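Each remark here refers to the structure printed beneath this line.
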Amino acid sequence: MTTPMPQNWHAIDGQSCLQELQCGEAGLSTAEVSRRLAATGPNRLELAAGRSNLLILWDQFSNVMLIMLLAVAAVSAGVAYVEQKFPKDAIAIVVIVALNGLLGYLQESRAQKALLALRDMSQPQVQVRRDGQWQKLSSEELVPGDLIRLEAGDRVPADGRLLETADMGVREAALTGESEAVFKRADLVLDSATPMLERQNCMFQGTEVVRGRGVAVVTSTGMATELGQIATLINTAGGETTPLQERLDGLAKVLVGTALALVAVVVGLGLLLGQDPFDLLEVSLSMAVAIVPEGLPAVITVTLAIGTQRMVQRAALIRRLPAVEALGSVTVICSDKTGTLTQNRQVVQELRFGNQSVLVGGQGYEPTGEFTTALLAAPEAPLAGAQPGLQNLLLQAGVLCSDAELRQGAEGAWEVLGDPTEGALAVVAGKAGFDDFELRQRYARKAEIPFSSERQLMAVWVDDPDGSLQAPLGAVAEGSSQLMISKGAPEVILASCSRWLDGSGVVALSPNQLQWWVDQARDLAASGLRVLAFACSPHHSSPDQGLSGLVLIGLMAQLDPARPEVTEAVAICRGAGIRPVMITGDHPLTARAIGSKIGLTTLDGEVVLGRELEACSDEELRAVVARCSVYARVPPEQKLRIVKALQANGQVVAMTGDGVNDAPALKQAHIGVAMGITGTEVSKEASDMVLLDDNFATIVSAVEEGRLVYANIRRFVKYILGSNVGELVTISAAPLIGLIGVPLTPLQILWMNLVTDGVPALALALEPAEAGLMDRDPARPGESIFARGIGRYIVRVGVVFGLMTIAMMVWIYRTQGVDGPWKTMVFTTLCLAQMGHALSARSDRPLLQVNPFSNPWLLWAVVFTSGLQLLLLYVPWLSRFFGTEPLAFADLMVCVGVSLLFFIYLEAEKVFRQWWSRRRANTPAAMG
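Position in the sequence shown (from 1) plus 9 gives the number in the working numbering.
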């Protein structure tokens, strides 16, 4: 047999499927299975080959800054060899490069766990019919055409077309993201255009049977299944680099290019001025080391790690460090609906009975809430209101005609045991003071018709010996000691009713009134509510009597409500320049209802369906995602396309998800956000961040933390690079103004870049957030790390810093001679001045307007680093190793004075900028 061509199996009946797959009721023969297994391969998911650990490590040293440092180390080692000195500079540089490479490796190296977790989902044992007998085999042995039998608790091992079903419900959350069980019917033949999410006559690998049983014929195995297609999408999803990674790559290229250009200029001018080529070579080495911020990768890593700790305290677990900063650059958040924007708890919102509508208050499963009554205008002028006790009858009927239980846990939290839809009925009854356990004890069930997708109803017969339950029925129930209650789809229950209860009691249900009730159910459904109808019948002996002539009790409408904090979180997103988007597998009416309640859209706003997305070209999709914020009935591949289209529009995208279906989009997004409570292992492994509380508001909190991290990164980048430019200007000026010797050695520069710059920079990473952090737009996609004035600041401050140091250097050189302490004084001045620079870099406002103790870590860092610098001068063995000499008190005070002068300049500049901004804001042109 050849491998069956992919077909719309849902669009043909079961017998036609068997014929197409060339199999019969006895199943396949062993010989035929062998032939098919050779053609299709084992029923397992194939993993894409990930990068090896060796390749990941090798990639760390492809960074242009590290390559330049290695070249500097090689030249430095050669110079030391010629001078017959110990190559301490070269060794120090190599150690720093190795540590930076190792740090990057540890961040990036991780096992390819997402696909491993995905494959684990598809390896159950399964009952297969072979050679006319049922036998239990590994799912890897399945081939198209195999007959399999499934029961409650089984995991579906392959895609298949159902041939028989008995009250079969399958939870397809892993594929669709929706937790509600889907009832399956083998007898259905669906339209060929029916999307995967709505194929009730099919089953899919990786889903779970939660009730009933069924027999199916396998139609697809391995990578040909829907789960296999998701695995393919995960294999091919790009895994976008974060904005921070892109900005650091750009920074490295700018720094290396600048260093090479300056070295060329200085060496060229030095040769023209007659400087010693060997001295120029040493100057070049020092300049190359000075331009590279060796401590920056470590500082950024620690900063991101600090951000992750703060985020854990706000219920967000970061799995990849660069994601911390990337959150601060997010411009679009694509969120699933169920459990993220909503509570993942079905709650009754409204009751309709008699001529009344009752709105139900309260949150979650807590059995407390208010009932607010309003009148409805039924046709043919029945008596207004409702029969006394009718509301209680409706609530009790909901409990008695269901199996779910409401229980309070050991820690006081309320939870539902059983089907969430039925659990909502127990909760609303609890709000009226009814205990589901006591009700079932008092009105014992004697018989039942279980719910099935074919009947779309459930019915029970309960004892009512004293007639208290059916008292609202009045004379109709006289002498009845048993009450039949049914619940189900409104169209089914209403069709079986001939009577109803208005304000006067049980009356005949006219055609106009019946249509009015049908319209009531449709009106509720149009608001995105799930509607159940309830009816009863006294004097109804048993299921054999049939279900007709019933008395309509009323309707209950329920919804998985929005989380109470989500509306505010959406508003914060909009204020922060972030567009929230809902992508769900649920019904469009439900999506619109939730979206309108939380501020994503309006009641008549656009909702785009998955099937509409399939018809869009990539260019058309880019236009759709630019305007639409709510999507419904979206299959996995379309989620991935939405993310790609947003990225093509230049957006930085965060994508949330909990199911296997979400994994490709999670991997493709700049930030993949998985659910910690309801999320599958596949989605968690494909994500960058895990929400420990599955709450959309937590994403917004994480974005705020991400913005703080990015603000602090910019803060210490301008501090570190401004200082580096000052070092560079000082070193490059020495040969050009005729000084003999190099003012700073590579080892001294490494000390400044790693310790003098690094320790205060780490303290700057702990700077608290300034006011208005979430009132500004995110960083523009593709924005350079030098944007918004940072580049100008680095050059301006670095040049001023260098000129001040050069002036002192020339003065000391001229007054104390070439053998004087001018090199040590340059080294000390640069180090001490950077302490004042660190303090000033805390804020764009003058420090007199900033609480000096809001970041005590920075104060300690300044004191600690200044102390270390003094140790390098006055501890003999350290002085020898770093090439310094002890300074006289007067010389030390000169260093301190120049450092203080630099600090005063920085603060004066901020005062001037603040004055200038206010002056411009108050000019008539600005005010107009």
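Just so you know, even glycine gets a beta-carbon here, dropped at the ideal spot from N, CA and C. Quantities reported herein were computed from a predicted structural model and do not represent experimental measurements.
Residue i to residue j span [Cα, whole Å]
i: isoleucine 587; j: serine 605; result: 18 Å
i: proline 589; j: leucine 649; result: 17 Å
i: leucine 426; j: alanine 441; result: 20 Å
i: leucine 271; j: proline 286; result: 16 Å
i: methionine 10; j: glutamate 41; result: Its pLDDT being 41, under 50, methionine 10 is placed unreliably in this model, and the coordinates cannot settle the point.
i: serine 519; j: alanine 544; result: 16 Å
i: proline 830; j: arginine 823; result: 11 Å
i: threonine 382; j: arginine 789; result: 50 Å
i: valine 88; j: phenylalanine 95; result: 10 Å
i: glutamine 567; j: isoleucine 680; result: 33 Å
i: methionine 674; j: valine 712; result: The amino acid at residue 674 is misidentified as methionine; the sequence shows alanine. If I take the Cα positions, the gap works out to 19 Å.
i: leucine 27; j: glycine 36; result: 10 Å
i: serine 863; j: glutamate 55; result: 54 Å
i: glutamine 465; j: leucine 313; result: 53 Å
i: alanine 534; j: lysine 262; result: 58 Å
i: aspartate 140; j: aspartate 155; result: 11 Å
i: leucine 124; j: isoleucine 239; result: Confidence is the limiting factor: at leucine 124 the pLDDT is only 41, short of 50, which leaves the residue's position unreliable and the question unanswerable from this model.
i: tyrosine 90; j: leucine 848; result: 41 Å
i: asparagine 658; j: valine 339; result: 13 Å
i: threonine 874; j: alanine 930; result: 40 Å
i: glutamine 167; j: aspartate 428; result: In the sequence as presented, glutamine is not what sits at residue 167; that position holds alanine. In a straight line, the C-alpha of alanine 167 is about 26 Å away from that of aspartate 428.
i: phenylalanine 380; j: glutamate 694; result: 44 Å
i: valine 321; j: serine 710; result: 11 Å
i: histidine 548; j: glycine 555; result: 13 Å
i: isoleucine 749; j: tryptophan 820; result: 14 Å
Limits of the unbroken alpha helix (DSSP H) element including residue i
i: alanine 48; result: 39-49
i: alanine 535; result: 520-535
i: aspartate 627; result: 627-636
i: isoleucine 502; result: 499-504
i: proline 429; result: 429-440
i: valine 165; result: From DSSP, valine 165 is part of no alpha helix (DSSP H); its letter is neither H nor E.
i: tyrosine 914; result: 898-930
Residue i - containing beta strand (DSSP E), residue span
i: cysteine 545; result: 539-547
i: arginine 138; result: 134-139
i: cysteine 410; result: Where cysteine 410 is concerned, there is no enclosing beta strand (DSSP E), given that its DSSP letter is neither H nor E.
i: valine 179; result: 168-180
i: tyrosine 728; result: Where tyrosine 728 is concerned, there is no enclosing beta strand (DSSP E), although the alpha helix (DSSP H) it sits in stretches over 705-745.
i: proline 589; result: 588-592
i: cysteine 343; result: 341-344
i: leucine 197; result: That residue, leucine 197, is in no beta strand (DSSP E); it is neither H nor E in DSSP.
Own chain residues within Cβ distance below 6 Å of residue i, not counting five before or after
i: glutamine 417; result: Trp423
i: serine 25; result: none
i: glycine 439; result: Pro376, Leu415
i: glycine 432; result: Ala413, Val425
i: tryptophan 526; result: Leu503
Residues near residue i in its chain [Cβ-Cβ closer than 8 Å; skip 5 each side]
i: valine 275; result: Leu289, Val292, Ser293, Met296, Ser741, Pro744, Leu745
i: alanine 530; result: Pro499, Glu500, Leu503, Val540, Ala542, Leu564
i: glycine 807; result: Leu730, Gly731, Ser732, Asn733, Val734, Gly735, Leu737, Val738
i: glycine 747; result: Leu282
i: serine 626; result: none
i: glycine 608; result: Thr576, Val579, Ala580, Arg583
C-beta atoms of residue i and residue j nearer than 8 Å
i: methionine 818; j: proline 752; result: yes
i: leucine 350; j: valine 575; result: yes
i: alanine 82; j: alanine 99; result: yes
i: leucine 478; j: leucine 492; result: yes
i: glycine 715; j: glutamate 334; result: yes
i: asparagine 860; j: alanine 774; result: no
i: threonine 216; j: leucine 242; result: no
i: alanine 299; j: isoleucine 758; result: yes
Own chain residues within Cβ distance below 7 Å of residue i, not counting five before or after
i: proline 644; result: Pro204, Met205, Leu206, Gly619
i: leucine 172; result: Gly23, Ala195, Val224, Ala225, Val226
i: glycine 584; result: Met783, Asp784
i: serine 85; result: Pro96, Asp98, Ala99, Ile102, Leu294, Pro755
beta-carbon residue i near the ligand FMN non-hydrogen atom, thresh 7 Å
i: leucine 269; result: Absent from the structure shown: the ligand FMN. Ligands present: none.
Cutoff 8 Å: residue i Cβ touching any chain B Cβ
i: asparagine 52; result: Reference to chain B is not applicable here, since this structure consists of a single protein chain.
### Task
Only counting runs of 4 or more residues, tell me where the alpha helix (DSSP H) segments fall wholly within the region 811-885, in order along the chain.
831-849, 865-883
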